[in-house]
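Okay, structure first, notes after.
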Amino acid sequence: MFSIPRKSTATIGATLTLCLSLAACGAPAGENNAAESEGWEPEQVVTLTVPFSAGGGTDTMARTIAEGLEEVRPGLKIQVVNREGAGGAVGYSHTFAQSGNPHELVAVESSIITAPYVNETGWEYTDFTPIGQVSAHTAGLAVPAGKYTDLNDFLETVEAGGSLSVGLAGAADSFFDIVISALAEKIDNPGKFRRVSYEDGNKTALSVVSGDSDAVVMSPEHVTEFMRAGDVDTLAVFTDSRIEQGVLADVPTAQEQGLDFSLQGVRGISAAPDLTEEQTRYWRAAFLEWTKHESYQKYIESSQSLAVPKGRKGYMANLDTFAEAAKRYLG
Numbered sequence: 292m293f294s295i296p297r298k299s300t301a302t303i304g305a306t307l308t309l310c311l312s313l314a315a316c317g318a319p320a321g322e323n324n325a326a327e328s329e330g331w332e333p334e335q336v337v338t339l340t341v342p343f344s345a346g347g348g349t350d351t352m353a354r355t356i357a358e359g360l361e362e363v364r365p366g367l368k369i370q371v372v373n374r375e376g377a378g379g380a381v382g383y384s385h386t387f388a389q390s391g392n393p394h395e396l397v398a399v400e401s402s403i404i405t406a407p408y409v410n411e412t413g414w415e416y417t418d419f420t421p422i423g424q425v426s427a428h429t430a431g432l433a434v435p436a437g438k439y440t441d442l443n444d445f446l447e448t449v450e451a452g453g454s455l456s457v458g459l460a461g462a463a464d465s466f467f468d469i470v471i472s473a474l475a476e477k478i479d480n481p482g483k484f485r486r487v488s489y490e491d492g493n494k495t496a497l498s499v500v501s502g503d504s505d506a507v508v509m510s511p512e513h514v515t516e517f518m519r520a521g522d523v524d525t526l527a528v529f530t531d532s533r534i535e536q537g538v539l540a541d542v543p544t545a546q547e548q549g550l551d552f553s554l555q556g557v558r559g560i561s562a563a564p565d566l567t568e569e570q571t572r573y574w575r576a577a578f579l580e581w582t583k584h585e586s587y588q589k590y591i592e593s594s595q596s597l598a599v600p601k602g603r604k605g606y607m608a609n610l611d612t613f614a615e616a617a618k619r620y621l622g
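Mind the numbering: the sequence shown is residues 292 to 622 in our numbering, read in order.
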């Protein structure tokens, strides 16, 4: 086994610095504790921050959540705001700076755990108020169509040849970086894979179609259209069982092909730190009610995710499990 050298600490930049240091980024004075009584409800438009650009998987999830919560809580208004940068750290840091403000939510995925590995964030995933888990997602290894027969053929070819570029969505030290590290561990040669980071899943998928990347590790839903068109093959998904949806149903898991590795990412929703019990209860009840609606199931099917509607305890347990994997491969 090898370990990945810890990257030198980077700063997030002026946007993050300001959000963490200026009181102006927080809620207005007195608002944080405005609703201590039983039966609290939002008193203004709620902001749901997406730590990535529009159009990606996290953005789609956030907009679906916003519509779903408005559906189950008539009168509730949620604005979705994209605050991308630093592998998600800028967006999460905005919400972290809103401590005590019940009108600030954030769309969460595994970068809430990996971002602090490469940025001075001043927070960890446990600092936020957990609301619930929407789904689980995994990664797939996609390559140009017809180039490899399966995962083993890919690994044997890489081991015998030179290095190749592997595209991934987001910054290094991300969910997908963990998968690449596991592949490198299998052939005992981390230098074979040259990581190339792209802003989001859509751009990552296009990189393998255009030939800019020799392979990509990314959320499988981003390549399904290219699979249908015959441009891309997905050699493996890195989860315990197959994704029984659409063209991905025929893609074997890495474990089926002899690689004893799986990784399940978490997609969910959290709120700013230090909410009151009543405020937290409102959001958790609304979220769990939405997961019983048809719009939730439609999201699961369209995103080709794994349905894992969890309350606070299950949500945090799954984040903890992923954090252990991140510590092994990135720490």
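Every residue, glycine too, gets a C-beta built ideally from N, C-alpha and C.
Just so you know, these numbers come straight off a predicted model, no measurement behind them.
Margin query: Here's a check: name, in chain order, each residue in its chain whose Cβ is nearer than 7 Å to the Cβ of residue 305, leaving out the five neighbours to either side.
Written below: Model confidence at residue 305 stands at a pLDDT of 39, short of 50, so the residue's coordinates are unreliable; what they give is reported in the following sentence. Within the same chain, residue 305 has no close Cβ partners at all.
Next item on the list: Could you check what DSSP says for residue 409 in three-state terms: helix, strand or coil?
Entry: coil
Notebook entry, point to check: DSSP on residue 572, reduced to helix/strand/coil?
Noted result: helix
Checklist line | Pair within 9 Å by beta-carbon distance, residue 425 and residue 352 | finding: yes
Notebook entry, point to check: Can you round the beta-carbon distance between residue 406 and residue 377 to whole angstroms, since I take them to be within the 8 Å contact cut?
Noted result: 7 Å
Item checked: Cutoff 6 Å; reference residue 552; Cβ partners in own chain excluding five residues on either side -> 473, 545
Next item on the list: Check the DSSP bridge columns for residue 487 and list the partner residues they point to.
Entry: 458
Note to self: Which residue wins for smallest C-alpha separation from residue 248, given the options 515, 349, 422?
What the structure shows: In this structure the chain extends from 292 to 622, so residue 248 is not present and cannot be described.
Margin query: I'd like the ranges of any alpha helix (DSSP H) spanning at least 4 consecutive residues and lying wholly in the segment 510-583.
Written below: 515-519, 568-581
Notebook entry, point to check: Is it a yes or a no for the segment 501-521 touching the segment 533-542, going by three-plus beta-carbon pairs under 8 Å?
Noted result: yes
Next item on the list: Buried or exposed for residue 417, please, with buried defined as at least 16 other CB atoms from any protein chain shown within 10 angstroms of its CB.
Entry: exposed
Checklist line | Neighbourhood of residue 475 by C-beta distance below 6 Å, restricted to the same chain and skipping five residues each side | finding: 481, 484
Margin query: Going residue by residue through the segment 374-447, where are the continuous alpha helix (DSSP H) segments of at least 4 residues, counting only ones entirely within it?
Written below: 380-387, 402-405
Checklist line | Paired residues, beta bridge with residue 340 - DSSP | finding: 372, 397
Check: So, using beta-carbon positions, are residue 341 and residue 363 closer together than 9 Å?
Finding: no
Check: Do residue 511 and residue 595 have their C-beta atoms closer together than 9 Å?
Finding: yes
Checklist line | residue 597: first and last residue of the uninterrupted beta strand (DSSP E) it sits in | finding: 597-601
Margin query: Suppose the cutoff is 7 Å on Cβ atoms and the five residues either side in sequence are ignored; what does the same chain contact list for residue 602 look like?
Written below: 423, 575, 579
Check: Can you tell me whether DSSP reads residue 506 as helix, strand or coil?
Finding: strand
Next item on the list: Could you say which of 534, 470, 593, 549 lies nearest to residue 620 if we only look at CA atoms?
Entry: 470
Notebook entry, point to check: DSSP state of residue 465, grouped into three classes?
Noted result: coil
Checklist line | Beta-carbon gap between residue 445 and residue 526 smaller than 9 Å | finding: yes
Next item on the list: Ignore the nearest five residues each way along the sequence and tell me which others in residue 547's own chain have a CB closer than 7 Å to its CB.
Entry: none
Next item on the list: Check whether the segment 390-399 touches the segment 555-571, counting contact only when three or more Cβ pairs, one atom from each stretch, lie closer than 8 Å.
Entry: yes
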